[in-house]
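For the sequence shown, my numbering gives the first residue as 99, with consecutive numbering after it.
Structure, as structure tokens:
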Amino acid sequence: MSTEPQDTERLQLLQREISDAQALLASIRLDISHARSEESLGALYWLVQENERLYLALHDQTQRAALEADTANSALQDAIHASETDQLTQLPNRVVLWDRLTHELALAKRHATPLAVLFLDLNDFKAVNDRFGHDVGDLLLLHVAITLKATLRASDTVCRLGGDEFVIVAGDIPQGRLDRFVDKIARAVSQPCFVGTEMLTPSVSIGASTFPEDGDLPESLLRKADAAMYASKRARVRPLDPAAASRQIST
């Protein structure tokens with residue numbers, strides 16, 4: 099058998115240490131691609147010299163290293179997902195909103211296509227929390243998030259800013275179609291629904307801005323959509339019956 103001199107010396111040294119000790123756990127790294135091996139009862143041993151035999155229990159660490167790498171990568175992906183996701187609704191959060199809006203605005207400028215930004219705020223959401231508790235309020239937010247995702251196109255982005263506020267970024271929505279698009283969303287959200295054990299009829303105030311008419315910067319479009327939403331909220335007709343307001347969020 100042929101071995102490299104340095105490998106032979108290291109193996110002989112290890113063999114002497116083993117013979118002098120009752121037990122030894124050692125970790126060594128050898129280039130054994132040139133050596134002959136035999137397998138016996140699951141243990142591999144290598145012929146070092148003609149009349150000497152040194153037994154080494156070898157464990158292939160390739161699979162373990164790959165598993166550790168996969169685990170680390172999975173943990174990293176989980177951390178990234180958590181940092182970009184609203185934990186209640188599982189919608190993208192404001193961090194993702196800014197990235198998506200910036201990206202979609204750049205595409206709209208490049209291809210000379212329209213872009214709409216919608217700012218949504220649930221009406222009388224505080225009344226729900228006050229009467230039914232925050233658990234029902236959370237379920238209502240989750241219901242609205244699911245409804246918005248089901249109503250919008252796959253290319254649209256809906257994010258939760260926090261509280262009862264949502265933002266939608268929708269490409270290729272010209273001003274001529276904007277009212278119809280907003281009405282479609284408002285009607286979908288305003289359908290009566292069971293939230294826990296309570297039957298509620300939510301409603302939403304929506305403000306919108308469009309590129310290029312309302313600006314060509316992300317902050318300009320968000321600011322104008324936000325202002326339009328508050329104007330819509332101030333203009334809406336509030337419920338007359340406080341008891342009805344607690345059960346039917348808006349009429």
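Glycine included, each C-beta is placed from N, C-alpha and C at the ideal position.
Bear in mind that the values here come from a model prediction, so they are computed numbers and not experimental data.
- Counting only residues of its own chain and dropping the five nearest sequence neighbours on each side, His241 has a CB closer than 7 Å to the CB of Cys291, Val293.
- Residue state for Gly305 is assigned as strand, using DSSP reduced to three classes.
- If you look at Ala210, you'll find it isn't in any alpha helix (DSSP H); DSSP assigns it neither H nor E.
- Take Thr255, set aside five residues on each side of it, and the residues of its chain with a beta-carbon closer than 6 Å to its own are Arg198, Val267, in chain order.
- Per DSSP, Leu246 lies in no beta strand (DSSP E); the unbroken alpha helix (DSSP H) holding it starts and ends at 232-249.
- With fewer than three CB-CB distances shorter than 8 Å, the region 185-203 does not count as touching the region 280-290.
- A straight line joining the alpha-carbon of Arg334 with that of Ile178 spans about 40 Å.
- Rounded to whole angstroms, the gap between the alpha carbons of Arg229 and Gly235 is 10 Å.
- With contact defined as three or more Cβ pairs closer than 8 Å, the region 188-198 and the region 215-231 are not in contact.
- Taking one beta carbon from each stretch, the region 162-174 and the region 261-275 have fewer than 3 pairs nearer than 8 Å; the two do not touch.
- Sequence-distant partners of Gln289 (beyond 5 residues in either direction) whose C-beta falls short of 6 Å from its own C-beta are missing from its chain.
- Taking a 10 Å sphere around the C-beta of Arg258, we find 16 or more other C-beta atoms and assign the residue as buried.
- If you compare the alpha carbons of Ser330, Ala325, Leu186, Pro310 with that of Ala210, the shortest gap goes to Pro310.
- The residue from Ala170, Val280, Pro316 with its alpha-carbon nearest to that of Ser330 is Val280.
- The three-state secondary structure of Ala167, taken from DSSP, is helix.
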